[in-house]
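According to our numbering, the sequence shown holds residues 5 to 175 in order.
Using N, Cα and C, we set each Cβ at its ideal position, and we do this for glycine too.
All figures in this text were calculated on a predicted structure; none of them were measured in a lab.
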Amino acid sequence: MFGVVFPNRSFPIDISTFTQIDTFHWVLDMNHFVGEAYDQIGEMCIFLLNNCTLPPDKALAAYVQSPGSAFAFCGAVTLSRPSAVLSLQWPEAGSAAQMQLTAGDSAPLSAKIGISVEDAAALPSLDVAAERKIERLAMKVGENLFNFMQSFCGVDGSKLVVPMDILDRWF
């Protein structure tokens, strides 16, 4: 149905490497794959295989989970967008990892990548990474403009005064 590649880290991984939770959910335990260095994995390429029978209104959604945290949406693929390189923004490892009461012989909490079949219309934007990049770019542009304006400003009481053509000069 799908495959995954971690750029510069792995060969293609097919669905058989994931643990199937039910008909529509799969989980990859990152401890078996990279150990505790899961947060060093920054990107994942997910793709549909040629024989995929995903309905047109469904999507394969990808999520990441740090130890002790909830799953966080990363992106998705659909029949109209059969592959994507997703940025993995690992959530902060929660304090639940330290506070969980487990038996001494129980397995420790680990980071996971989850894949699930979901309604495409119910998912957030399919390109979360691009939205974050645009947001960071907008912040940098605003910061640059502020610093430029600050270099020309004067003080009038409690107000900063800048020349009227400051935007023309900046742009």
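Practice problem: Take G118 and list the residues in its own chain whose beta-carbon comes closer than 6 Å to its own, dropping the five residues that flank it on each side. | Solution: Beyond the five residues adjoining it in sequence on each side, G118 comes within less than 6 Å, by CB distance, of V31, Y67 and F75 in the same chain, given in chain order.
Practice problem: Rank F22, C157 and V159 by C-alpha distance to the C-alpha of D33 and give the top, closest one. | Solution: It is F22 whose Cα lies nearest to the Cα of D33.
Exercise. Specify, as a first and last residue, the run of the beta strand (DSSP E) that M48 falls within.
Key: E47 to L52
Self-check item: Beta-carbon proximity of L53 to M5, cut-off 8 Å
Solution: In this structure, L53 sits near M5, with a CB-CB distance shorter than 8 Å.
Quiz item: Terminal residues of the continuous alpha helix (DSSP H) containing V38?
Solution: M34 to V38
Practice problem: Determine the contact status of P95 and S114, defining contact as a CB-CB distance below 8 Å. | Solution: no
Quiz item: Rounded to a whole number of angstroms, what is the C-alpha to C-alpha distance between E122 and P128?
Solution: 11 Å
Quiz item: Hey, quick one: how far does the beta strand (DSSP E) through I170 stretch, first residue to last?
Solution: Note, I170: premise wrong, no beta strand (DSSP E); alpha helix (DSSP H) at I170 to W174.
Quiz prompt | Start and end residues, beta strand (DSSP E) containing G79 | solution = A76 to V81
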